[in-house]
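Throughout the sequence shown, residue numbering follows the working numbering, covering -8 to 304 in sequence. Worksheet: the structure to be examined is printed underneath.
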Amino acid sequence: MKALVSGGAGFIGSHLVDALVERGDQVTVVDDLSTGRRENLETPTGRRAELVEVDVTDAAAIADTFERRGPELVFHLAAQIDVRRSVTDPVFDLNVNVGGTLNLLEAARTTGARGFLLASTGGAVYGEGAGLALPLDESAACRPDAPYGQSKFAAEGYASLFGRLYGLRATALRLGNVYGPRQDPLGEAGVVAIFCGALLTDGTPRVFGDGHQTRDYIYVGDVVEAFLAAGASEASGTYNVGTGVETSVLELGELIGGVCERPFEPELAPARAGEVQRIAIDSSRAAADFGWSARTALVDGLRTTAASFATAS
Ligand SMILES: NC(=O)c1ccc[n+]([C@@H]2O[C@H](COP(=O)([O-])OP(=O)(O)OC[C@H]3O[C@@H](n4cnc5c(N)ncnc54)[C@H](O)[C@@H]3O)[C@@H](O)[C@H]2O)c1
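This is the structure in structure tokens:
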């Protein structure tokens, strides 16, 4: 199978590239290396993918890459992922997350791709979950609290439109807060990388707000399995990809302290704008339609993640 992974030099994308190469796909990575790293592709499997250094907002370069490589399956993960930057520079966020998605959708349908999978976000499209019956399923209203969630929601809308207009099979996976080896502190589950870094270097982790804010933390290996399962099925539409379990920042810190064998003694800082108080997402639909559910217990995933940070530092 010919696969194309945009954002394949990034955290989640590079794990997906490893898995696709491992199963024998011919993989093209499209990435401008703005937050992604070439080293993420320097694994024995990652090296077998072809990296094309292109910005997804460059329509002509994207069209040319698709014409040359003719991918059958497109995994679109390249994005502006920084929630705070989306608040300070919403137009940039829009151009990358919506404009970039449209460029890939256009290229995918004109070159006859048979499937398009978009990385969306269950942590940011729904908005505030406090006061709602958690975990939320896909029928919940989407009221993003930051431009990042809004641009991802708009990108989902275009993917779905290309299904109706052109018959392109488009699937949006609304990921929970993804953590694991290679993760960057800027991402939605950046707190895991930050806490691991602080605890492993005997620094003091900082908690914004009261620490009782919750997220649905999902291991990157489980997310890769969701992309593979959705890609191999005939499923289209929108799917949550999470555990359904809420974990507070303080509980997360305690767990990471446990696996790092360090006491978790954070300093408290003021809460930050644009961040929700509570969220967790229900993935029953993914289980029913393509047989996926999360398999990695949080403490096990954190142990693997902390070990990878300890080796890297
Ligand atoms: N990490 C999470 O918790 C999380 C949660 C929900 C959704 N997502 C989504 O998953 C995807 C991957 O996120 P990640 O955490 O791996 O982040 P990441 O920053 O590691 O990966 C994003 C990749 O896209 C590339 N990129 C950014 N702008 C680009 C552009 N204009 N042109 C080409 N490449 C560009 C970056 O260089 C990077 O390699 C994103 O779409 C993100 O919105 C992530």
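Cβ atoms here follow ideal geometry from the backbone N, Cα and C, with glycine treated the same way. Here the structure is a predicted model, which means the values were calculated and not measured.
Of the residues assessed, His6 falls on the buried side of the cut-off, its CB having 16 or more other CB atoms within 10 angstroms. In this structure, the straight-line span from the alpha carbon of Asp16 to that of Pro35 is close to 14 Å.
At least one heavy atom of ligand 1 lies less than 7 Å from the C-beta of Ala0.
The secondary-structure analysis by DSSP pairs Asn168 across a beta bridge with Tyr208. DSSP lists Leu(-5), Glu41 as the beta-bridge partner residues of Thr19. For Ala285, the CB stays at least 7 Å from every heavy atom of ligand 1.
With contacts defined by Cβ atoms closer than 8 Å, Arg165 and Gly249 do not form a contacting pair.
In the structure shown, Phe281 adopts helical secondary structure according to DSSP, grouped into three states. Its chain contains Thr102 as the residues whose beta carbon lies nearer than 7 Å to that of Glu58, once the 5 sequence neighbours on both sides are disregarded; these appear in chain order. Assignment of beta-bridge partners to Gly222 by DSSP yields no partner.
Tyr149 is positioned such that its CB atom lies closer than 8 Å to that of Leu96.
Burial check for Leu24: the Cβ neighbour count within 10 Å stays below 16, so the residue is exposed. A direct Cα-to-Cα measurement between Gly202 and Asn94 gives close to 39 Å. Here the alpha carbon of Gln141 sits roughly 6 Å from the alpha carbon of Val116. Burial state of Gly194 is exposed, judged by a 10 Å Cβ sphere holding fewer than 16 other Cβ atoms. Within a 10 Å sphere around the beta-carbon of Gly106 sit 16 or more other beta-carbons, which makes this residue buried. With contacts defined by Cβ atoms closer than 8 Å, Gly222 and Asp273 do not form a contacting pair. Shortest gap from the CB of Asn168 to any heavy atom of ligand 1: under 7 Å.
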